[in-house]
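In this note's numbering, the protein residues as written are 36 to 350.
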């Protein structure tokens, strides 16, 4: 194996053995030891229990939102002025006063990019963690990799009586399971939680069907299915692939934790007002309740953050 050296003939192995003392004083070993003694939080890995992905679809301008150029002339930075945030040295657009006041709770990443100039590619990259290998159309609903939510569903599993992956009020492009299979697709909650008559589809037993009658029908179906399996034990049965989905739906309808999580009417008015009495705010509140019930991944989908004309008026 060849040893790479610098101009003075020192190898990388020599530098590590010396501990890079000229750069770090006591050397790397001393630096690492000091970090350990100080209880450096970077040394401790803590696994996240859940993620709420707020996906605001589109392509808002960077200069007029999160990445203003304070030192640039107006013709470059646009009509809006940058304002200071709660974190010294970080500036955002003057239109984002609430974001500025909360910047100490935000990790702002300005370096994410991809080399395809359309929304489809960017959506795929961010939803899956992988840039597409072939061009993706601007409006394409396509995915070559499973979404982060589907992978989380596979790795973390579902809490009792609830799916592991939710998306509200729809599934974003590239938000599906791809080759992982339909069992890792998101459960879509498409209603408006701000509506006083809000009900999550397919999770409530019809009022005309009492709980005991529903259970009896589920038991009857199991017996019929078992009988059919005996008849067709040597024949491939396509219905086998549906059993898991029927079971999930049945468990969801009978799950007390699921019914409690969906019932945001139990939240105090003060809390609901704080989230915003609108569809997006109440979906965010529902997402929080789902996390508390053990769901590991929820996507909140909100579209329209894309400006091609009348930029400053729109913002």
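Note that CB positions come from ideal geometry on N, CA and C, so glycine has one too.
Contact under 7 Å by Cβ, residue i with residue j
i	j	result
residue 220	residue 211	yes
residue 328	residue 292	yes
residue 126	residue 103	yes
Own chain, CB closer than 6 Å to residue i, minus 5 neighbours either side, in chain order
i	result
residue 326	85
residue 89	335
residue 187	331, 332
residue 92	338
residue 87	322, 333
Status (buried if at least 16 other CB within 10 Å, exposed otherwise) for residue i
i	result
residue 116	exposed
residue 184	buried
residue 99	buried
residue 207	buried
residue 277	Confidence is the limiting factor: at residue 277 the pLDDT is only 49, short of 50, which leaves the residue's position unreliable and the question unanswerable from this model.
residue 270	Because residue 270 carries a pLDDT of 46, less than 50, the predicted location of this residue cannot be relied on, and the following value inherits that uncertainty. The residue is exposed, with fewer than 16 neighbouring Cβ atoms inside 10 Å.
residue 313	exposed
residue 143	exposed
residue 56	At residue 56 the pLDDT is 44, less than 50, meaning the model places this residue with poor confidence and gives no usable figure here.
residue 217	exposed
Chain C within 7 Å of residue i, Cβ atoms only
i	result
residue 330	Here chain C cannot be found, since the structure has a single protein chain.
Start-to-end residues for the beta strand (DSSP E) that takes in residue i
i	result
residue 325	Run containing residue 325: none in the beta strand (DSSP E); it sits in the alpha helix (DSSP H), 314 to 327.
residue 184	Premise fails: residue 184 lies in the alpha helix (DSSP H), 183 to 191, not in any beta strand (DSSP E).
residue 225	Unbroken run through residue 225: none, as it is neither H nor E.
residue 233	Segment: none, residue 233 is in no beta strand (DSSP E) and carries neither H nor E.
8 Å CB neighbourhood of residue i in its chain, flanking five on each side removed
i	result
residue 136	120, 121
residue 197	287, 290, 292, 293, 296, 325, 328, 329, 330
residue 226	204, 233, 234, 235, 236
Run of the alpha helix (DSSP H) containing residue i, from where it starts to where it stops
i	result
residue 200	Segment 200 to 203 is the beta strand (DSSP E) holding residue 200; no alpha helix (DSSP H) there.
residue 161	154 to 163
residue 297	291 to 297
residue 310	304 to 310
Residues of its chain near residue i, where Cβ-Cβ distance is below 7 Å and the 5 sequence neighbours each way are ignored
i	result
residue 130	115, 350
Practice task
Quick one: which unbroken beta strand (DSSP E) runs of 3-plus residues sit fully inside the stretch 99 to 162? Chain order, please.
Solution key: The stretch 99 to 162 contains these whole beta strand (DSSP E) runs: 117 to 119, 126 to 128.
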